[in-house]
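Student: I'd like to ask some things about the structure below.
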Amino acid sequence: MPVYLKCKVQGCDAELVNGMVVTSCMHILCNQCAITHGFGNEPPWNCPVCRKHLEEEEICNHQDWESSIQDAVQLMYGLSPNMIMEAASSAMAFWSQQLEIQMSKDTREKTEMSRTCAGWKAKYDAIQREEESIARQCEDLSKDLEKRNKELLHFRTVYDKLKKKCRELQDHLYQMRAEESASQREQGSSSRLRARDLPQPGHDTRDTRIPRPAFSGAGRINRPRFLGTMSNLHPQNLQRGAPVPERYAHHREPQDSRAPGSGTILS
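Note that the working numbering has the sequence shown beginning at 3, numbered continuously upward.
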């Protein structure tokens, strides 16, 4: 596999396959970078690598490899072998120098890339370890959540049973209170009925007849108008010879023999 030199402009690194521009400061450029940095205009120019001022005779332009080879062969016609070998040695030294610079640059880039890759690999490993730790935590949390869900389901079942039992106890308590209240009402009414049926103090039996009005026309007491109140009807207040109604005659007592002719009635 052929090895090609690369453009020394920073950021280009294009392989020099079909042509290049070589400067006296030992830098090679690709055709595109040479045109971009003004090598197609009139001199002087500035080297895009080291910023050296270049004249027209300080650059060598190889636009076509075949024509460049033919020109080199024509230039070596008539030269001695020592001169040809010296020119070839100079060309080989330049090639080796450029290749060494290129390899050194590649080595530095490889080292930097290796260091960068190592850093990214360390970060990746740390992220992977963190991911594994988070995965284990998630698994533990999932197991804990499953356990808590089972406990919650058990507690809900127990709570529903207790709630149902409390409701039944409340209903039973309400029923007992209602029955107790009804029983108390029945006992109160029966005790009132028994007290009414019992004989009153001072009487043998209770008169269950309906009492007549005190001042009805049939049982009204006809009090004489000349008599006044019941206190005036007492035998002590009555004079001898005063007429006494027959209904009150039983209040009179026999006269005392010691006071004949007395006008008062001894009680």
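Backbone N, C-alpha and C fix where the C-beta goes; we use that ideal spot for every residue, glycine too.
Note that this is a predicted model, so its numbers are computed, not measured.
#1: Going by Cα to Cα distance, which pick from E148, T159 and L56 is closest to E44?
#2: Run through the region 34-97 for me and flag every whole alpha helix (DSSP H) of 4 or more residues, listed as ranges in chain order.
#3: Using C-beta distances below 8 angstroms, list every residue in its chain close to A124, excluding the 5 sequence neighbours before and after it, in chain order.
#4: Taking 8 angstroms as the threshold (C-beta atoms), are C35 and V19 in contact?
#5: Go ahead and pull the three-state DSSP assignment for M28.
#6: Smallest Cα separation from L101: which of E59, I30 and N48?
#7: Tell me which residues share the same chain as C62 and place their Cβ nearer than 6 angstroms to its Cβ, disregarding the 5 neighbours each side in the sequence.
#8: Reducing DSSP to helix, strand and coil, say where K8 ends up.
#9: Compute the beta-carbon to beta-carbon distance between A16 and C32, rounded to the nearest angstrom, for a pair I have assumed lies under 8 angstroms.
#10: With DSSP as the reference, label V19 as helix, strand or coil.
#11: Given a cut-off of 8 angstroms, decide if M78 and I339 are closer than it, judged by their beta-carbon atoms.
#12: Evaluate W47 with the Cβ neighbour count: other Cβ atoms within 10 Å of its Cβ, from every protein chain shown; 16 or more gives buried, anything less gives exposed.
#13: According to the neighbour-count rule (16 or more other Cβ atoms, all chains shown, within 10 Å of its Cβ), is F157 buried or exposed?
#14: Taking C-beta to C-beta, are Q130 and K8 nearer than 8 angstroms?
#15: What's the call for M178, buried or exposed, on a 16-neighbour Cβ count within 10 Å?
#16: Going along the chain, which residues of its own chain have a beta-carbon closer than 8 angstroms to the beta-carbon of D127, five neighbours each way excluded?
#17: Distance, Cα to Cα, C119 vs Y6?
#18: Using only the alpha-carbon positions, how far apart do R117 and D108 sit?
#19: Excluding sequence positions up to five away, which residues of its chain have a Cβ less than 6 angstroms from the Cβ of C52?
Tutor: Based on what the coordinates show:
#1: Position 42 of the sequence shown holds residue 44. With distances taken between Cα atoms, E44 lies closest to L56.
#2: 67-78
#3: Numbered from its first residue, the sequence shown carries residue 124 at position 122. Hits under 8 angstroms: none found.
#4: One-based indexing of the sequence shown puts residue 19 at position 17. One-based indexing of the sequence shown puts residue 35 at position 33. No, they are not a contact pair.
#5: Taking the first residue of the sequence shown as position 1, residue 28 is located at position 26. Coil, per DSSP.
#6: Residue mapping note: residue 101 aligns to position 99 of the sequence shown, counting from 1. Nearest C-alpha to L101: I30.
#7: For the purposes of this step, residue 62 is taken as residue 60 along the sequence shown, with counting starting at 1. Excluding sequence neighbours, C62 sits near V24.
#8: Locating residue 8 in the sequence shown gives position 6, where the first residue counts as 1. Under the three-state reduction of DSSP output, K8 falls in the strand class.
#9: As a first step, residue 16 must be located in the sequence shown, where it is residue number 14. As a first step, residue 32 must be located in the sequence shown, where it is residue number 30. With 8 angstroms as the limit, A16 and C32 qualify as a contact, their Cβ atoms being about 5 angstroms apart.
#10: The residue you call residue 19 lines up with position 17 of the sequence shown. In this structure, V19 counts as coil in the three-state DSSP scheme.
#11: There is no way to answer for residue 339, as the model of the chain reaches only from 3 to 269.
#12: As a first step, residue 47 is located in the sequence shown; it is residue number 45 there, counting from the start. With 16 or more other Cβ atoms within 10 Å, it is buried.
#13: In the sequence shown, the residue the question calls residue 157 occupies position 155. Taking all protein chains shown into account, F157 has fewer than 16 neighbouring C-beta atoms within 10 Å of its C-beta and is therefore exposed.
#14: By 1-based counting over the sequence shown, the position of residue 130 is 128. By 1-based counting over the sequence shown, the position of residue 8 is 6. For Q130 and K8, no; Cβs fall outside 8 angstroms.
#15: The sequence position of residue 178 within the sequence shown is 176, counting from 1. M178 should be labelled exposed.
#16: As a first step, residue 127 is located in the sequence shown; it is residue number 125 there, counting from the start. Within the same chain, D127 has no close Cβ partners at all.
#17: To locate residue 119, count along the sequence shown from 1; it is residue 117. To locate residue 6, count along the sequence shown from 1; it is residue 4. Their backbone Cα atoms lie some 27 angstroms apart in a straight line.
#18: Here residue 117 refers to the residue found at position 115 of the sequence shown. Here residue 108 refers to the residue found at position 106 of the sequence shown. If I take the Cα positions, the gap works out to 14 angstroms.
#19: Looking up residue 52 in the sequence shown gives position 50. Excluding residues within five positions, the ones whose Cβ falls inside 6 angstroms are C27.
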